[in-house]
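Visitor:
In our numbering, the protein residues as written are 489 to 609.
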């Protein structure tokens, strides 16, 4: 189904990123469910290195799944070079770069709004 708000041919290019995010989301969901099944979160077992390392890896996976989503937005709004630099910072240096990007959006773009699906009245 074509989106009337996108230029012609643009909706076809969204299949690649959509498939990527489905794979990332399902991959993390499977990781989370396996971790929860094998190492229940409650009660905390802080004295178990195996439990702690399993949840550490799940938390890292959670961060990167979310970071990939933010990087997709950054690439779409900032372009290849600038978006690539911001994305590398987010993926390699962590959440402080994500926060810096949000501050950048506030000052440079004067908004955190990306776009609206609603047609103007």
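Each residue gets a CB set at the ideal place from its N, CA and C atoms; glycine is no exception.
For residue 565, which option in 512, 600, 526 has the closest C-alpha, if you only look at C-alpha atoms?
Guide: Against the chain shown, residue 565 aligns to sequence position 77. Minimum Cα distance to residue 565 is reached at 600.
Visitor: Going by beta carbon distance, what residues of the same chain come within less than 7 angstroms of residue 559, once the five residues before and after it are set aside?
Guide: As a working note, residue 559 is residue 71 in the chain shown. Cβ within range, chain order: 575, 578, 579.
Visitor: Could you check where the alpha helix (DSSP H) with residue 556 kicks off and where it finishes?
Guide: The residue labelled residue 556 in the question sits at position 68 within the chain shown. It spans 537-566 - the alpha helix (DSSP H) in which residue 556 sits, taken as one unbroken run.
Visitor: Is it true that the CB of residue 542 sits closer than 8 angstroms to the CB of residue 527?
Guide: As a first step, residue 527 must be located in the chain shown, where it is residue number 39. As a first step, residue 542 must be located in the chain shown, where it is residue number 54. Yes; because the gap between Cβ atoms is below 8 angstroms, this pair is in contact.
Visitor: Report yes if the CB atom of residue 561 is closer than 8 angstroms to the CB atom of residue 502, and no otherwise.
Guide: Locating residue 561 in the chain shown gives position 73, counting from the first residue. Locating residue 502 in the chain shown gives position 14, counting from the first residue. Against a cut-off of 8 angstroms, the Cβ pair of residue 502 and residue 561 comes out as no contact.
Visitor: Could you name the residues of the same chain whose beta carbon sits closer than 6 angstroms to that of residue 521, not counting the 5 residues immediately before and after it, in chain order?
Guide: On the chain shown, position 33 is the one that residue 521 refers to. Correct list: empty, nothing qualifies.
Visitor: Which residues in the same chain have their Cβ closer than 6 angstroms to the Cβ of residue 504, if we skip the five residues on either side of it in sequence?
Guide: Position 16 of the chain shown, counting from 1, holds the residue named residue 504. So the list is empty, once near-sequence residues are dropped.
Visitor: Which whole-angstrom value describes the C-beta separation of residue 540 and residue 516, a residue pair presumed to lie in contact below a C-beta threshold of 8 angstroms?
Guide: Locating residue 540 in the chain shown gives position 52, counting from the first residue. Locating residue 516 in the chain shown gives position 28, counting from the first residue. Not really, about 19 angstroms apart at Cβ, beyond 8 angstroms.
Visitor: Classify residue 586 as helix, strand or coil using the three-state DSSP reduction.
Guide: As a first step, residue 586 is located in the chain shown; it is residue number 98 there, counting from the start. Here residue 586 sits in helix by DSSP.
Visitor: Alpha carbon to alpha carbon, how far is residue 557 from residue 590? Give it in angstroms, no decimals.
Guide: By one-based count along the chain shown, residue 590 stands at place 102. By one-based count along the chain shown, residue 557 stands at place 69. Their Cα atoms are separated by approximately 14 angstroms.
Visitor: Looking at C-alpha atoms only, which residue of 573, 509, 592, 518 is the closest neighbour of residue 546?
Guide: Taking the chain shown and counting its residues from 1, the one referred to as residue 546 is at position 58. Among 573, 509, 592, 518, the Cα nearest to that of residue 546 is on 518.
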